[in-house]
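Numbering (our numbering), first residue to last: 35 to 156.
Shown next as structure tokens:
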């Protein structure tokens, strides 16, 4: 888990979107900055920020806004890493570190396919 660096998001990135309720991973093309997922991140910044996790060159960001779902303490296993999620989704971006800034940009197709293979329910 990382929360001590800043993140710069690329404009309209293509992302992986894991729906926590259905545990389905979706490919979302060119997500605009006014989309609900970025609104949730913006909302959480006002109340203290959000956590993110790394899996290779993939940055995973669980929805920081609590939502009612069957398992209030939902956890998602990605490879050997357990990611808690209180909200409705987990986002996946390609990332690279430039200085002390994490640059979150469009997820690549090979990264999306890798993530599909690595997902398991926790």
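In this text, a Cβ means the ideal position worked out from N, Cα and C, and glycines have one as well.
Query raised in the report: Assuming residue 71 and residue 108 make a contact with CB atoms under 8 Å, what is their CB distance in whole Å?
Result: With 8 Å as the limit, residue 71 and residue 108 do not qualify as a contact, their Cβ atoms being about 17 Å apart.
**Report entry** Among 99, 77 and 82, nearest to residue 68 - alpha-carbon criterion
**Finding:** With distances taken between Cα atoms, residue 68 lies closest to 77.
**Report entry** Residue interval of the alpha helix (DSSP H) (run including residue 151)
**Finding:** Its alpha helix (DSSP H) spans residues 143-152.
Query raised in the report: What number of angstroms, rounded off, separates the C-alpha of residue 89 from the C-alpha of residue 153?
Result: Answer to the nearest angstrom: the Cα atoms are 11 Å apart.
**Report entry** Enclosing alpha helix (DSSP H) for residue 84 [first to last residue]
**Finding:** It is not in any alpha helix (DSSP H) - residue 84 carries neither H nor E in the DSSP assignment.
Query raised in the report: Skipping 5 residues on each side, what residues in its chain have a beta carbon closer than 7 Å to that of residue 49?
Result: In the same chain as residue 49, and ignoring 5 residues on each side of it, the C-beta atoms closer than 7 Å to its own belong to 62, 65, 125, 126, 127 and 141, in chain order.
Query - Coil, strand or helix - residue 73 by DSSP - result: In this structure, residue 73 counts as helix in the three-state DSSP scheme.
Requested in this report: Along the beta strand (DSSP E) that carries residue 50, what are the first and last residues, could you check?
Outcome: From DSSP, the beta strand (DSSP E) with residue 50 extends over 49-53.
Query raised in the report: Whose C-alpha, out of 118, 91, 131 and 74, is nearest the C-alpha of residue 99?
Result: Of 118, 91, 131 and 74, the residue nearest in Cα terms is 74.
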